[in-house]
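Here the structure is laid out as structure tokens; the discussion comes afterwards.
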Amino acid sequence: MRGLERKVIFVWLLQVTFLVSLITAGLLFAVLLDLLPVSVLALSVVFEGLGAVYMLLRFRNWSFELRDDHLFLDHGVLKRTRSMVPYVRVQHIDTQRGPVYRLLGLSKVVVYTAGSKGADVTIPGLSRSDASDVQEKLRDLAIESEDMDAV
Amino acid sequence: MKLSKVSIPYRALKDIGTLLALVVFSGNLSFRTLDFRFIFFASLVFGGVVSVSLIWEYIVWRRYDYFFEEDSLRITHGVFRRDEREIPYRRIQNVDIRKNIVQRVLGIAKVGFETAGGSTTEASLKYVEKEQAQSIQDKVRKFKRKETEEDEKEGTEREKLFELSSSDLLAYSLLSVNTKSMIMAFTAFGIFGSLGIGIGQSSLAPVLVLTFLGLSAVLALWIFNAASNFIQYYDFRLWRERDTLEFERGLLNRSEGSIPVEKVQGISIEENFLKRQLGYATLKVETASLSEQQELKSNMVAVPLAKYGTVISFARDLENFQAFDIGSIPSRARRRYLGRYSIGIGLLLLGGFAVDRFVTEVGYLSLLALIPVAAVGAHLKWINRGFEAQEDYFISMNGFWTRKTSVTPYYRVQNLIQTETVLQRRWDLSTLTLDTAGNLVTSDSRAVDLDLGEAVELREEVFEKFKESLKDSKKA
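Protein chains in written order, with numbering that gives the first Met the number 0: chain A, 0 to 150; chain B, 0 to 475.
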């Protein structure tokens with residue numbers, strides 16, 4: 000089993016901070032209008048803290064493995080999810096990199112199957128070389144086991 | 000080939016209808032302006048519009064052609080622009096024929112071609128003659144068969160599988176209601192009645208009034224539901240022709256459709272509370288991701304209503320599973336449900352207390368009477384839940400108000416997903432979902448609240464069986 004790149008925590012923390020700053024802006028507005036006491040701004044700190052703890056746990060709980068015949072994923076904080084994606088069922092694989100991801104040299108691999116729930120199995124936060132490795136390996140394995148109708 | 004000539008005036012009429020509706024709704028036509036001159040000019044304009052749209056639809060008709068090529072259906076159309084579209088037969092999942100009441104009188108039908116993957120109908124022929132529609136359906140099917148290289152020797156007989164008798168139609172219409180929502184609606188009335196007014200004023204009259212109102216609301220809902228079911232499933236017939244299931248149903252809109260057996264992802268047997276009391280069940284079939292525009296829910300019904308035993312044997316004709324004996328889940332799951340309901344009651348009590356304290360006196364303690372109800376509810380939820388991992392099929396059962404028994408062949412599995420929420424983890428329970436390419440029915444293919452360790456083993460077991468089934472189908 001292997002985990003994600005540590006750097007992905009930065010991305011997630013950035014997301015949390017962005018959200019919290021939006022909330023803070025709202026709260027600040029209310030404070031300036033004298034609708035709420037100044038102490039309410041402490042909430043922002045609490046949110047940021049909770050978010051950070053959540054993201055740390057999220058990182059710690061994330062692991063995946065390319066097994067012989069399937070991709071195994073294990074993740075989730077409030078709801079632990081373990082999924083098995085057989086390579087035979089893989090339809091195609093994407094590597095996605097947003098601006099922040101690119102800045103940190105990270106990639107996101109998305110595995111598509113015809114399933115209705117697991118339609119997009121995402122591995123967030125891999126190093127770029129790892130991501131292309133995983134993508135290649137998944138592609139090879141998927142082709143190898145591809146003499147079946149995928150549906 | 001050409002569309003039916005009748006479609007020229009029909010489509011023109013439809014255009015004008017839309018235009019008229021637009022004019023009327025935009026409010027330009029008020030009664031004050033209805034003098035003679037206005038009427039004269041209006042009819043002049045109207046006549047103009049009619050002839051223009053007739054001419055337009057004639058040109059559209061002239062320019063519209065469809066051909067059956069060797070491996071695809073080709074449609075060319077467009078007045079100013081020449082559009083050409085080719086749909087390979089093997090991509091066509093379903094050819095459906097629809098006619099509304101006017102089209103039935105005119106003897107024309109709309110033929111739609113559905114493909115997998117697209118979110119809309121790939122193409123539709125508006126409109127062709129009734130007999131032509133049938134022959135198009137047959138033709139596509141024949142071409143498709145050639146594509147899949149099936150031997151032509153098997154007879155082409157069409158075997159009737161099921162026909163809904165009129166008494167069963169009536170029973171189906173009346174019984175196919177969402178019992179849960181109805182009882183919820185009624186209970187809500189009851190609770191508000193007794194709590195809000197009744198006990199507060201220590202008089203029975205308002206309770207009676209509210210109960211009566213609740214009952215009549217439920218009754219109205221029921222009748223409406225029954226009528227719509229009746230119209231939809233009037234004269235339901237199901238055939239099997241080689242490897243396709245075909246159905247036909249409806250009173251006002253006669254719709255036909257076909258389900259390729261090879262695309263069936265799973266089946267489910269549904270019995271709501273009422274049907275269960277009378278020993279009836281409904282059988283639904285799910286195919287791989289049909290387009291969203293289709294009414295998925297109704298499309299899947301294979302047997303609207305039959306005795307439970309009949310439904311089971313029918314289901315076993317379709318999918319060769321064994322008679323099942325659903326095992327129960329750990330009894331601590333029952334305690335979990337009781338706990339969940341108790342929390343709900345606790346919240347209600349809290350709300351009642353607050354109202355009592357700060358607004359007006361209510362007998363909120365009578366809510367405690369719900370505790371035995373919660374206990375019964377927890378038990379019923381628990382006892383109607385379970386699963387069985389057979390050799391080729393995974394069978395799971397869930398739900399009290401509407402009990403669904405899903406039968407999923409292992410070779411249809413796309414993903415296996417095991418989940419535990421924080422609350423489940425407290426009880427050491429877990430849920431295993433067998434994800435398939437279907438949309439609705441088989442998403443219920445899951446074993447809920449089984450022992451965590453057992454769930455992990457079951458996941459591995461199901462995966463092994465999935466691999467096994469792939470090997471088998473390769474050999475076949």
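Where a beta carbon is used, it is the ideal one built from N, C-alpha and C, also for glycine. Source: prediction; values computed, not measured.
| Span of the beta strand (DSSP E) holding B/E121? | No beta strand (DSSP E) holds B/E121; DSSP gives it neither H nor E.
| query | When the distance is taken between beta carbons, is B/Y126 closer than 8 Å to B/L2? | reply | In contact: B/L2 and B/Y126 (Cβ atoms closer than 8 Å).
| request: List the residues of chain B that A/T80 touches, going by C-beta distances under 8 Å, in chain order. | output: Going along chain B in sequence order, the residues near A/T80 (Cβ under 8 Å) are I416, Q417 and T418.
| Residue(s) in a DSSP beta bridge with B/P87 | B/P87 is bridged to B/S71.
| Is B/L209 helix, strand or coil when you go by DSSP? | It is helical.
| said: If you follow the alpha helix (DSSP H) that A/G3 is in, where does it begin and where does it stop? | reply: The question names Gly, but residue 3 of chain A is Leu in the sequence shown. A/L3 -> no alpha helix (DSSP H), and no H or E assigned at all.
| request: Using the DSSP secondary-structure output, state which residues sit across from B/G265 in a beta bridge. | output: Its beta-bridge partners are B/E285.
| Secondary structure of B/V5, DSSP reduced to three states | In the structure shown, B/V5 adopts coil according to DSSP, grouped into three states.
| message | Would the region 270 to 283 of chain B count as touching the region 296 to 310 of chain B if we require 3 or more Cβ pairs under 8 Å? | response | As far as the Cβ criterion goes, the region 270 to 283 of chain B touches the region 296 to 310 of chain B, which means the pair count is three or higher.
| field | Three-way DSSP call (helix, strand, coil) for B/E158 in this model | value | In the structure shown, B/E158 sits in a strand (DSSP, three-state: E or B).
| said: By alpha-carbon positions, which one of B/I370, B/L348, B/P371 and B/D450 ends up nearest to B/G362? | reply: Checking every option, the nearest Cα to that of B/G362 belongs to B/L348.
| query | Beta carbon of A/M54, beta carbon of A/I8: below 8 Å? | reply | Yes, the pair counts as a contact, with Cβ atoms nearer than the cut-off.
| request: Could you tell me whether any Cβ in chain B is nearer than 8 Å to the Cβ of A/L140? | output: Residue-level contact check: A/L140 does not touch chain B, since none of the beta carbons of chain B fall below 8 Å from its beta carbon.
| What's the call for B/G350, buried or exposed, on a 16-neighbour Cβ count within 10 Å? | With fewer than 16 Cβ atoms within 10 Å of its Cβ, B/G350 is classed as exposed.
| Identified DSSP bridge partners for A/I92 | BP columns for A/I92 point to A/V110.
| said: Buried or exposed, going by whether 16 or more other CB atoms sit within 10 Å of the CB of B/N319? | reply: Counting of Cβ neighbours within 10 angstroms places B/N319 among the exposed residues, the total staying below 16.
| Inter-residue Cα distance where the pair is A/L70 and B/W55 | Those two C-alpha atoms are separated by around 57 Å.
| Secondary structure of A/P98, DSSP reduced to three states | Assignment of A/P98 by DSSP, reduced to helix, strand and coil, places it in the helix class.
| query | Are there 16 or more other CB atoms within 10 angstroms of the CB of B/P408, so buried, or fewer, so exposed? | reply | Buried.
| query | Using 8 Å as the threshold, is the region 398 to 417 of chain B in touch with the region 333 to 344 of chain B, meaning 3 or more CB pairs across them? | reply | In this structure the region 398 to 417 of chain B does not lie against the region 333 to 344 of chain B, because fewer than three pairs of beta carbons, one per stretch, are closer than 8 Å.
| field | B/M183 classed as buried or exposed, judged by whether at least 16 other C-beta atoms fall within 10 angstroms | value | Counting C-beta atoms within 10 angstroms of its own C-beta, B/M183 has fewer than 16 neighbours from the protein chains shown and is therefore classed as exposed.
| Can you tell me the Cα-Cα spacing of B/H378 and A/M83, whole angstroms? | B/H378 and A/M83: Cα-Cα distance of roughly 32 Å.
| What are the partner residues of B/W238, as DSSP defines its beta bridges? | Answer is B/K159 and B/E245.
| A/K136 and A/L77: beta carbons closer than 8 Å? | No, they are not a contact pair.
| Quick one: Cα of A/S43 to Cα of A/L105, how far? | When rounded, the distance between both Cα atoms is 29 Å.
| query | If you follow the alpha helix (DSSP H) that B/P329 is part of, which residue opens it and which one closes it? | reply | From DSSP, B/P329 is part of no alpha helix (DSSP H); its letter is neither H nor E.
| Cutoff 8 Å; reference B/Y233; Cβ partners in own chain excluding five residues on either side | So the list reads L168, R248, G249 and L250, once near-sequence residues are dropped.
| query | Residues in its own chain within less than 8 Å of B/Q417 by CB, not counting five upstream and five downstream? | reply | Excluding sequence neighbours, B/Q417 sits near S429, T430, L431, T432, A454, V455 and R458.
| query | When we look at the beta-carbon of B/R445 and count the other beta-carbons within 10 Å, is it buried (16 or more) or exposed? | reply | Within 10 angstroms of the beta-carbon of B/R445 lie 16 or more other beta-carbons, which makes it buried.
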